[in-house]
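Right, one structure below, let's go through it.
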Ligand SMILES: [Zn+2]
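Residue numbers (the working numbering): 4 to 83.
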């Protein structure tokens with residue numbers, strides 16, 4: 004396990020930027036289409052995979068909106 008100093012700055016604003024961007028675009032749940040999207044989920048890649056691939060995990064285009072119920076059933080997909 005390596006420690007990369009430049010990568011350790013996961014602050015609140017990162018999450019806000021991602022979450023707000025995703026929810027602004029996806030008003031409704033991307034899975035069931037019936038519930039209001041209240042959670043921003045990294046999909047189809049996890050935040051870690053995006054970082055590994057050299058992509059920005061905080062870019063809303065890498066996420067989808069989920070309703071409360073679907074968020075619970077897909078828990079474990081997002082690793083923050
Ligand atoms: Zn749903």
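Beta carbons are placed, not taken as given, at the ideal position from N, Cα and C, and that holds for glycine.
Who are the near neighbours of residue i in its chain, counting only those whose CB is closer than 7 Å to its CB and skipping five residues on each side?
i	result
residue 67	25, 29, 33, 44 and 46
residue 82	At residue 82, the pLDDT of 44 sits below 50, so the modelled position is not reliable and the matter cannot be decided from this model.
residue 69	32, 33, 34, 40, 42, 44 and 77
residue 21	43, 61, 63 and 66
Enumerate in chain order the residues of its own chain whose CB-to-CB distance from residue i is below 6 Å, with the five nearest sequence positions on each side excluded.
i	result
residue 55	none
Flag this pair as yes or no: are the beta carbons of residue i and residue j separated by less than 8 Å?
i	j	result
residue 72	residue 38	yes
Cβ contact (3+ pairs, closer than 8 Å) linking the stretch 25-40 and the stretch 55-62: The way I'd put it, the stretch 25-40 doesn't touch the stretch 55-62; fewer than three beta-carbon pairs between them come closer than 8 Å.
Beta strand (DSSP E) segments (min. 3 residues) lying fully within the stretch 36-70: For the stretch 36-70, whole beta strand (DSSP E) runs of length 3 or above, ordered along the chain, are 42-45 and 66-69.
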